[in-house]
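Protein chains: 2
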Amino acid sequence: MTVVKRVPRAEREEQMLAVALPLFAERGYHAVSVDEVATGAGVTKPMVYAYFGSKEGLFQACATRAADRLVAALEQSAAHHTDPAERMWEGLLTVFRWIAEHRHAWAVLYGSPGSGGSPFAAPAANASDRMARLITDQFVDTLRSQGMGAVAEQHAAPMAHGFVAAAVNMGRWWMEHPEEPAELQALRVMQLTWNGIGNVMEGRLWAPR
Amino acid sequence: MTVVKRVPRAEREEQMLAVALPLFAERGYHAVSVDEVATGAGVTKPMVYAYFGSKEGLFQACATRAADRLVAALEQSAAHHTDPAERMWEGLLTVFRWIAEHRHAWAVLYGSPGSGGSPFAAPAANASDRMARLITDQFVDTLRSQGMGAVAEQHAAPMAHGFVAAAVNMGRWWMEHPEEPAELQALRVMQLTWNGIGNVMEGRLWAPR
DNA sequence: AAGTCGCCCCTACTGCGAGTAACCTTACTG
DNA sequence: CAGTAAGGTTACTCGCAGTAGGGGCGACTT
Chain A
1 MTVVKRVPRA
11 EREEQMLAVA
21 LPLFAERGYH
31 AVSVDEVATG
41 AGVTKPMVYA
51 YFGSKEGLFQ
61 ACATRAADRL
71 VAALEQSAAH
81 HTDPAERMWE
91 GLLTVFRWIA
101 EHRHAWAVLY
111 GSPGSGGSPF
121 AAPAANASDR
131 MARLITDQFV
141 DTLRSQGMGA
151 VAEQHAAPMA
161 HGFVAAAVNM
171 GRWWMEHPEE
181 PAELQALRVM
191 QLTWNGIGNV
201 MEGRLWAPR
Chain B
210 MTVVKRVPRA
220 EREEQMLAVA
230 LPLFAERGYH
240 AVSVDEVATG
250 AGVTKPMVYA
260 YFGSKEGLFQ
270 ACATRAADRL
280 VAALEQSAAH
290 HTDPAERMWE
300 GLLTVFRWIA
310 EHRHAWAVLY
320 GSPGSGGSPF
330 AAPAANASDR
340 MARLITDQFV
350 DTLRSQGMGA
360 VAEQHAAPMA
370 HGFVAAAVNM
380 GRWWMEHPEE
390 PAELQALRVM
400 QLTWNGIGNV
410 MEGRLWAPR
């Protein structure tokens, strides 16, 4: 009899996620069947349901894990810098480097270009919210210390969301122009959101130290 | 026998789209069945397939139509203004007002908050591209006339995409805070992308004339 | 040593909904 | 008043998400 090894839950979940992530990333949610993931992980469909509840649950697990790691990387970067501009710059560098090193995770989180994006965008929205919060806090602190609390209250959160969205979409754009370096993407976001288009048009460019 | 009127294709397509749009907008792609749309439009499923080819085709038709109208509104606005800042500002106002008046179309195009977003994001990407191109052209013209062609070539397109993304996501954020006026959303995008966070933090706010 | 509990894993189904084949019927054409 | 195209239907197939129910093996009691 084939001595098929029995594997503890945690390890098997890991295998399933490892199989599912690149599949979801490359073909999109719809084009991946649960059976496929199951057999890829050496088991059958009901195991996937036992561990993740549903196909959506499986996808969410992939996306949530990706989101957690991305946000963790960003938080760690933020903890190492205090100056606002530097913090932004280093944060962007961290994010774009993370994207380059985790293309599958990024694609699952924020949608791959070829196949349709991901449904069930909750983890992506959640990741964006957490990243936006990091920026919002920075923003509010800086403005408060300059007696501009009112501006902060009103604009910080939505502007932070806009900032994150700009960065995320620059990431999407990047996926289609992969020859460029991460640093250039980060620089562009800084030009756009830190200096502002108005300044750039008048020749005021931003540059890291 | 019930004298159910037979309806010409163009008109029936219109009905189907009219039924499908709010359904997709409120419940998302997955939770809507083709049968539902068909009966809602007074016919049966095969008619939908005869006219739109597939469920995806039906969705794309909704989204593409929304995209066309949004872009058309923006193009018309752009044609009425030449000054870069004013053009941006009026364009943003146009977009946010359009969103307020076409919430369903907007939700189908760029994903509703409650239900999962939409798969098959091609029309959304296409709309973003076309809006970004409007901005890119403006951007390149302005920079070229100042002898900064090199900057333009390298940064205009990706920055324009970042700009559009920021505006789109501000629109998403707005859907969850619908009490605020369109003007405030537009103003925030200007603060973020025209002035830049750096300027805002130093107290330089932007305001329409 | 024998019960028994819980975990890992399977075969074999149900059911829903996308997509299709084949046919009917009304209305307009020469 | 055929002939034909366009609007419309019933009645299927099929793929896949999700489930029911059961089997075996280790670990922990007693």
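Those sequence lines, one after another, are chains A and B.
Quick note, the first sequence lines up with residues 1 to 209 if you use our numbering.
Quick note, the second sequence lines up with residues 210 to 418 if you use our numbering.
Here a beta-carbon is modelled for each residue, glycine too, at the ideal position from N, C-alpha and C.
Residue i and residue j closer than 7 Å at C-beta
i, j, result
"residue 58 of chain A", "residue 10 of chain A", "no"
"residue 257 of chain B", "residue 270 of chain B", "no"
"residue 173 of chain A", "residue 367 of chain B", "yes"
"residue 299 of chain B", "residue 311 of chain B", "no"
"residue 404 of chain B", "residue 162 of chain A", "no"
Span separating the alpha-carbon of residue i from that of residue j
i, j, result
"residue 69 of chain A", "residue 88 of chain A", "18 Å"
"residue 307 of chain B", "residue 46 of chain A", "47 Å"
"residue 170 of chain A", "residue 185 of chain A", "7 Å"
"residue 325 of chain B", "residue 319 of chain B", "A caution first: residue 325 of chain B carries a pLDDT of 43, below 50, which makes its placement in the model too unreliable to give a value."
"residue 100 of chain A", "residue 124 of chain A", "18 Å"
"residue 305 of chain B", "residue 175 of chain A", "28 Å"
"residue 330 of chain B", "residue 28 of chain A", "11 Å"
"residue 76 of chain A", "residue 183 of chain A", "18 Å"
"residue 36 of chain A", "residue 354 of chain B", "56 Å"
"residue 387 of chain B", "residue 313 of chain B", "14 Å"
"residue 51 of chain A", "residue 13 of chain A", "7 Å"
"residue 30 of chain A", "residue 356 of chain B", "49 Å"
"residue 53 of chain A", "residue 8 of chain A", "17 Å"
"residue 402 of chain B", "residue 241 of chain B", "37 Å"
"residue 363 of chain B", "residue 180 of chain A", "11 Å"
"residue 215 of chain B", "residue 288 of chain B", "42 Å"
"residue 114 of chain A", "residue 396 of chain B", "Bear in mind that the predicted position of residue 114 of chain A carries a pLDDT of just 41, short of 50, making it too unreliable to give a figure here."
"residue 129 of chain A", "residue 338 of chain B", "25 Å"
Residues near residue i in its chain [Cβ-Cβ closer than 7 Å; skip 5 each side]
i, result
"residue 138 of chain A", "84, 87"
"residue 340 of chain B", "280, 283, 373"
"residue 108 of chain A", "21, 24, 25, 62, 63, 66, 118"
"residue 149 of chain A", "143"
"residue 127 of chain A", "67, 70, 71, 109"
"residue 369 of chain B", "341, 344, 345, 348"
"residue 189 of chain A", "92, 166, 167, 170"
"residue 94 of chain A", "73, 74, 77"
Neighbourhood of residue i by C-beta, 6 Å cutoff - its chain only, sequence neighbours within 5 removed
i, result
"residue 250 of chain B", "224, 225, 228"
"residue 56 of chain A", "120"
"residue 252 of chain B", "none"
Closer than 9 Å at the beta carbon, the chain B residues around residue i
i, result
"residue 131 of chain A", "Result: empty, since nearest Cβ-Cβ is about 12 Å, beyond 9 Å."
Proximity test, residue i beta-carbon vs the ligand ADP heavy atom, cut-off 6 Å
i, result
"residue 126 of chain A", "As presented, the structure is devoid of all ligands, the ligand ADP included, so that no description of it is given."
Chain-ordered neighbours of residue i on chain B, where CB pairs are closer than 8 Å
i, result
"residue 98 of chain A", "Ordered by position in chain B, no residue passes the 8 Å Cβ test against residue 98 of chain A, which lies about 18 Å from the chain."
Neighbour list for residue i in chain B, Cβ cutoff strictly below 7 Å
i, result
"residue 87 of chain A", "The contacting residues do not exist; residue 87 of chain A stays about 11 Å from chain B at best."
"residue 155 of chain A", "397, 400"
Per-residue contacts from residue i into chain A (C-beta, under 7 Å)
i, result
"residue 367 of chain B", "170, 173, 188"
Residues within the stretch 161–179 of chain A neighbouring chain B, beta-carbon criterion of under 9 Å: Per Cβ criterion, the list reads 161, 162, 163, 164, 165, 166, 167, 168, 169, 170, 172, 173, 174, 177.
Residues of the stretch 49–76 of chain A with Cβ closer than 9 Å to any Cβ of chain B, in chain order: 56
Selection of the stretch 391–410 of chain B by Cβ proximity to chain A, strictly under 9 Å: For the stretch 391–410 of chain B, which is checked against every Cβ of chain A, the residues closer than 9 Å are 393, 394, 396, 397, 398, 399, 400, 401, 402, 403, 404, 405, 406, 407, 408, 409, 410.
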